Structure formats: structure tokens, C-alpha cells
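Undergrad:
Number of protein chains: 2
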Amino acid sequence: MRFEVTVLGSCAAAPKVDRHHSAHVLNVREQFFLIDCGEGTQQQMMRAGISPLKLSAVFITHLHGDHCFGLFPLLSTLSLLGRRTPLKLFAPQPMQELLEGFDRYFNRESPFEIDYTPVDTRLHSLIHQTRTLEVYSIPLRHSIPSCGYLFREKQPPLNIRKSCIDRYGLGIAQIAAAKRGEAVRLHTGEVVPNEELTYRPFAPRSYAYCTDTHYSAKAAGLAKGADLLFHEATFADEERAAARQTGHSTASEAARFALRAEAGRLLIGHTSNRYKDPYLLERQARAIFPQTDLAVEGRTYSVAPKFNPEKGM
Amino acid sequence: MRFEVTVLGSCAAAPKVDRHHSAHVLNVREQFFLIDCGEGTQQQMMRAGISPLKLSAVFITHLHGDHCFGLFPLLSTLSLLGRRTPLKLFAPQPMQELLEGFDRYFNRESPFEIDYTPVDTRLHSLIHQTRTLEVYSIPLRHSIPSCGYLFREKQPPLNIRKSCIDRYGLGIAQIAAAKRGEAVRLHTGEVVPNEELTYRPFAPRSYAYCTDTHYSAKAAGLAKGADLLFHEATFADEERAAARQTGHSTASEAARFALRAEAGRLLIGHTSNRYKDPYLLERQARAIFPQTDLAVEGRTYSVAPKFNPEKGM
């Protein structure tokens, strides 16, 4: 039941020896999603012990190099490793044109398909789903088209309360009906409402990834209720003008976003290298939103399962 | 008087946590040249303490991703750092088209020019020179157009033997004539041959970089006399068939190249990750060419100045 984010890279502008460009891996019950792919992402994945062969989809927020220059090297390595499973790729245009250039010059003999879906960064829409997960785009406000992504578990199917099976002497057809959400008529003629017979085993968890962007109240509304929220904080509060000018956010703006989104926990990152003490930004954000952590490369941030306490009833 | 090569990356195929794709920096008396630029080169430069701002030219051997995917990230960082000096770039086509795509989508506001010269990999020609250095292309044999590069110091200007100035009572005009290579007529009418008056203070040094390639006797002839030779050895001798099939060389082939080129010292690299003991390749090459070292990432290999012992005469 894992739902966890590993931060592979979280630095803005020029990288450093120990700071890498943007990339997160989200593991939802052993489904692996890569979000952004700065230079060196494949080596950062190795350091984190995550095989790139496990990736089922890649999501790119916007086409600035620090968010996507690691993509073609990663795809090349997947070719070398003999991947055969298609890889889904979600990114704004002109990714199509870049992919065509990549295929033409660097990837002529790839054994797997890249299943590319262009993302319209102006729209909040369901762009991808698996059996257990939905992914939505979140329009952001940056110097070029940019969007965040919201990953949310689907409502789990209804479970039957075992205690009810004995109490009402339910048969297989009645159990199946209850699991479909129906009320059940007993052989006595009594009708038992569905809510009495079933429960949701756990509440869906969600992760919102919002970078690069100005503060956007609208985006905060779309990330509503995220258990874990990553929001960029390129600048400290003192550089608010620079943040505005470059289409980025300050630490306090990230915190205000989290507050408005009613997030469970805030991770801030994409911080400028200018801060000798990057925990300054954490302190500034915590003054507004106490459940804030500075994203640390190589570290994994988990959202615990939210099991339904009614299960035992 | 430095003439030294720092190996930033030397692995073939998929990178590892501690092995990077091809990139060497050649420092010739504080002129810095980057040769190949695999993913992560900019961070490897930082690790080696070499500022990318110091680079005066970049040479790419061929357009396989493991030799050039670090180029656009590096150029982006140079833009961010505010470089203004034009950067020379030598690479085979279709680099022009790749650069245009890069400029269009990722590099619209760069403060410096990229001065690109296409390299015809079929030709051995002088492609670049500075006041003190010449760079030649060396055609190689790979699965796509590929060339090596030979960096050679120019002959230094003639120095006057100080002892002769007193002995013959030379004036400024006579000294200048001798430095131009002329014989000098003394006031006694005696003519002193130039060789007696002057000497070359040192012999030119050279570095040849040959990857990716089959063994090529012709290329060895063009790298003749290189003080330091880097030659790829992707495979051990046991994988000769694989080397042939993929357009690469074995350790022994690299050594035979060095022998034929009469190189001073051989560095082998671009070794496959399949070898748990990569020094196996060094041992195989040393059996043929004893002055062989396996290129180690982060290590610097120097060529000492070859001062002319006649100076003291």
C-alpha cells in the first residue's frame, strides 16, 4: 500500500555537485511515475535504488531544460536495457517535435514505443488513469506554458462487513449486490441499506506537484486536499520581486498555496543555490504552514494508508 | 606549461552511479578544451574543479547520445552564468539542426554566441588553431560518422642563445634576424649560421583522442607520435566479434593502434560495464603496449614539457 515520493533533484538554475535538476519518482503501490526529468535523472534513480525499467509513465511540467534534459538520455538507456513495454509520456508541446528529432538522430533502433500524449497546460483535466489511480493536470503560471500534476488514488471498491454476513445469513448473490453498492433484501423481506453492509477499506491518497509557477489561488483550489503537496519555493521572501519577474514563488507563497489547498503536508524545493542556508526557506514557510519540509535529494516522503476505522464494526 | 587531460567520463552504453559518459578536458597552458560531452559533464567538471566558463572550445566526435547529451545542459548553464565570450563548437552534422532546435526552444536569451564549425569526419584536416596549438580531425570507423581529434602544440618561436650575444657582440637588429631564422653577418664580415645562434626552447606536445572506432591503421598513422593517446577499448579481447559488430575496439586493438602510432603513452577507456575487473583490459593492452593505463574518472594525465637540453649551450 505504498504511496511515496522520492526526490531525485530539486535545484533551480545551475546544478551543483550535490544538487540536481528537477525529478521526483512517485511510487503508488509499486506503480512508478517519474515527474520531471532534469539532467542526470537516470543516475539519481540508480542512487535511489529505483530501476528505470519499472517506470510506467513520465510527466513533464514544462519545456525548460532543467525539467527535461535528462529525458532523452533516460530513454536511450531504456533502449539499451532492452525495454519492450511501451512508456507513457505526458508533456506540453512542442515535445512531439523534440521526440521526432530524438527518434531520427538518436533512437532509430529502440525496442519500445514512447506513447506520447500532449498536455494542454491551460486545462485542468484527467489526463491519465490506471485501475487504481487518476492523474489530473493543474494549470500553472510561469514564463512558458507549465502545468502541475495531481495524482489521486481512486475510491477503493466497497468491502462487505464480515459481521453482516453471519448476522443476516447473506448468500453470494446478496454479497455481490452489496459490493456493487445496492441495498439487500433478506429472505424475511427486510431491506438492509447498503451503508450498513459495506465500507470503503481506505480513503484515497493524493500527491500534487506544482512547479514552476507564480502563486496561483486557482491552482491551489485544484490541488485541494492533497495529502502531500510539492510546491516550488525558488526564492526566500526577501526576493519576492525576483520571484514575480521570473515566474517563480517565494517560500511564503508556497506556504499560502498549501494553506489554501488544505494540504496535509508541504514539501518545498526548486530552491535557488544562492541560499547558503536553504532551511531559511523552510522556516519562512513553516511560519505560515507548519507541516512544511524542505525537499532533500535522495529522501523519500511517504503518505501512510488511511484505513477506514469502520472496518471493525 | 601545462599539457594535461582530465577524464570526466569514460563509460560505454548505460552509465552507472560512479561511471559517466564520455568527456575529457584538455588543458594546454590554461587554454581549456572539452572533448565529447556526455550527460552530466557539467557536474563532472565541477567535481574536477574546472569552471565551464574557462572553456574556449568543445569538440564532439560523433552524434551518439553518450557523447553529446550533456552539451545542451552545459550550454544552458553557461547562459545562466552570463558567459559573453563566444564558444567554439566542432562537431559532425546534423549538429546544426540540433543547435537550431536548442536555440528555438531552450536558449532564446543566451548572452553568448555558439560559433559552430561542422566537421567532415571523412577528412584529416586542420580544423582549429590558436597562437600555440593546432587541432586536426582524424577519420575513424564507427557505425555512424565519427572522428578523433589530434591536439598538437605549434613549434615554439626560436630563442636566442644568450651566450652568443656576448660572444659575437650582437645588436638588437641582429638578434631579431636570428629569431626570424636568418644567419647573421657580424661587423667582422663573418657569417654565423642560424643554428649556432638559436634553439627551440621545447618540443611540441600532442594529445590524440580516438573514440568510437574499429581499429584503423590509417588513423594510427594520422595520430603518429602523439605523446598521449586516448583510444577506446570498449571490449576485452574475448569479445572481438562484438567489437567488430558494434564498431568498437578491443583492448589489444587499442594497444596495436598505440604501437603503430608510436605513442608515448596510451590511455584506454569507454569500457563496457560488463567487466567486473576493468583492469583486465589494461593487462591485455599492456601485454602489447606496456605504457598503457586504464582511464580513471576524475584523474588527470599530464605530459611534461619537453625542454630542449641545448638551451644551456
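So the sequences go chain by chain: E and H.
Per our numbering: the first sequence = residues -3 to 309.
Per our numbering: the second sequence = residues -3 to 309.
Beta carbons: idealized from backbone N, C-alpha and C, even for Gly.
The model shown is predicted, which means the values in this text are computed figures rather than measured ones.
Assess, as a yes-or-no matter, whether the segment 171 to 186 of chain E is touched by the segment 95 to 115 of chain E under the definition of 3 or more beta carbon pairs within less than 8 Å.
TA: The answer is no - the segment 171 to 186 of chain E does not touch the segment 95 to 115 of chain E, with fewer than three Cβ pairs under 8 Å.
Undergrad: Helix, strand or coil, according to DSSP, for Ala204(E) in the structure here?
TA: Three-state result, Ala204(E): strand.
Undergrad: For Cys7(H), list the residues DSSP reports as bridge partners.
TA: For Cys7(H), which the question treats as bridged, DSSP gives the partners Thr267(H).
Undergrad: Any beta carbon of chain H sitting closer than 9 Å to that of Asp62(E)?
TA: True, the Cβ-Cβ gap to chain H drops below 9 Å.
Undergrad: Leaving out five residues before and five after Ser268(H) in sequence, what residues of the same chain have Cβ atoms less than 7 Å from its Cβ?
TA: Once the five neighbours on either side are set aside, the close Cβ partners of Ser268(H) are Ala8, Ala9, Thr230, Phe231.
Undergrad: Using alpha carbons as the reference points, say which of Leu262(E), Leu290(E), Phe285(E) lies closest to Asp273(E).
TA: It is Leu290(E) whose Cα lies nearest to the Cα of Asp273(E).
Undergrad: With contact counted as at least three CB pairs below 8 Å, one residue from each stretch, are the segment 56 to 69 of chain H and the segment 25 to 35 of chain H in contact?
TA: Because the criterion of three Cβ pairs below 8 Å is met, the segment 56 to 69 of chain H and the segment 25 to 35 of chain H touch.
Undergrad: Could you pull out every residue in the same chain whose Cβ sits closer than 7 Å to the Cβ of Leu255(E), ignoring the five residues on either side in sequence?
TA: Correct list, in chain order: Ile284, Phe285.
Undergrad: Just to confirm before moving on: does the CB-CB distance between Ala259(E) and Gln241(E) stay below 9 Å?
TA: Contact flag unset, no.
Undergrad: With the cut-off set at 9 Å, would you say Tyr132(H) and Tyr145(H) are in Cβ contact?
TA: Going by C-beta atoms, Tyr132(H) is nearer than 9 Å to Tyr145(H).
Undergrad: For Thr141(E) versus Thr117(E), is the C-beta spacing smaller than 9 Å?
TA: First, the amino acid is wrong: residue 141(E) is Pro here, not Thr. Yes; because the gap between Cβ atoms is below 9 Å, this pair is in contact.
Undergrad: Using only alpha-carbon positions, find the residue among Ala172(H), Glu109(H), Ala19(H), Ala87(H) that is nearest to His266(H).
TA: Closest option to His266(H), Cα to Cα, is Ala19(H).
Undergrad: Beta-carbon of His17(E) versus every beta-carbon of chain H: anything under 9 Å?
TA: Taking Cβ atoms only, chain H reaches closer than 9 Å to His17(E), which makes this a yes.
Undergrad: Return the CA-CA distance between His17(E) and Leu122(E), expressed in angstroms with no decimal places.
TA: Taking the straight line joining both Cα atoms gives about 27 Å.
Undergrad: Could you say which of Ile46(E), Ala173(E), Lys12(E) lies nearest to Ile47(H) if we only look at CA atoms?
TA: Looking at the sequence provided, one finds Ser at residue 47(H) rather than Ile. Comparing Cα positions, the closest option is Lys12(E).
Undergrad: So with CB distances below 7 Å, who are the chain E contacts of Thr73(H)?
TA: Going along chain E in sequence order, the residues near Thr73(H) (Cβ under 7 Å) are Ala10.
Undergrad: Say whether chain B places a C-beta atom closer than 9 Å to the C-beta of Gly66(E).
TA: No chain B appears in this structure, whose protein chains are E and H.
Undergrad: Mapping DSSP to helix, strand and coil, what is Thr73(E)?
TA: In this structure, Thr73(E) counts as helix in the three-state DSSP scheme.
Undergrad: So which residues of chain E does Gln39(H) contact, with C-beta pairs closer than 7 Å?
TA: Chain E residues near Gln39(H): Pro11, Val13, Gly36.
Undergrad: Please tell me whether Gly308(H) has its Cβ less than 9 Å away from any Cβ of chain E.
TA: Any reading at Gly308(H) must be qualified, since the residue scores a pLDDT of 48, below 50, and its modelled position is unreliable; no value is offered.
Undergrad: Could you name the residues of chain E that Phe303(H) contacts, counting a contact when the two beta carbons are closer than 7 Å?
TA: None at all; the shortest Cβ gap to chain E is about 37 Å.
Undergrad: Within this structure, are the beta carbons of Pro69(E) and Gln89(E) separated by less than 9 Å?
TA: Contact flag unset, no.
Undergrad: Please confirm whether Thr81(E) and Ser106(E) have their CB atoms less than 9 Å apart.
TA: For Thr81(E) and Ser106(E), no; Cβs fall outside 9 Å.
Undergrad: Counting contacts by CB-CB distance shorter than 9 Å, is Glu93(E) in contact with chain H?
TA: So, interface residue.
Undergrad: Suppose contacts are defined by Cβ-Cβ distances below 9 Å. Is Gly36(E) in contact with Gly66(E) by that definition?
TA: Going by C-beta atoms, Gly36(E) is nearer than 9 Å to Gly66(E).
Undergrad: Ignoring anything shorter than 4 residues, give me the alpha helix (DSSP H) runs that lie fully in the segment 60 to 135 of chain H, in order along the chain.
TA: Segments of the alpha helix (DSSP H) lying fully in the segment 60 to 135 of chain H: 61 to 64, 67 to 76, 91 to 102.
Undergrad: Would you kindly work out how many angstroms separate the C-alpha atoms of Phe86(E) and His120(H), rounded to a whole number?
TA: Going from the Cα of Phe86(E) to the Cα of His120(H) covers about 45 Å.
Undergrad: What's the call for Arg181(H), buried or exposed, on a 16-neighbour Cβ count within 10 Å?
TA: Arg181(H) is exposed by the Cβ-count criterion.
Undergrad: Whose CA, out of Gln27(H), Arg295(H), Ala281(H), lies closest to the CA of Thr128(H)?
TA: If we check each option's Cα against that of Thr128(H), Gln27(H) comes out closest.
Undergrad: In whole angstroms, give me the CA-to-CA distance for Ile161(E) and His63(E).
TA: Distance between the alpha carbons of Ile161(E) and His63(E) is about 53 Å.
Undergrad: With DSSP as the reference, label Gly144(E) as helix, strand or coil.
TA: Strand.
Undergrad: Find the residues of chain H that neighbour Gly97(E), judging by a C-beta separation of less than 8 Å, and give them in chain order.
TA: In chain order: Glu93, Leu94, Gly97.
Undergrad: For Met42(H), return the contacting residues in chain E, with the cut-off set at a CB-CB distance below 7 Å.
TA: Under the 7 Å cutoff, chain E gives Lys12, Val13.
Undergrad: Does any CB atom of chain E fall closer than 9 Å to the CB of Arg77(H)?
TA: Arg is not the amino acid found at residue 77(H); the sequence shown has Leu there. So, interface residue.
Undergrad: Mind checking which residues open and close the alpha helix (DSSP H) that includes Glu228(E)?
TA: That residue, Glu228(E), is in no alpha helix (DSSP H); its beta strand (DSSP E) goes 224 to 228.
Undergrad: Quick check: the Cα distance between Gly308(H) and Phe147(H), rounded to an integer number of angstroms?
TA: Any reading at Gly308(H) is ruled out, since the residue's pLDDT is 48, under 50, leaving its predicted position unreliable.
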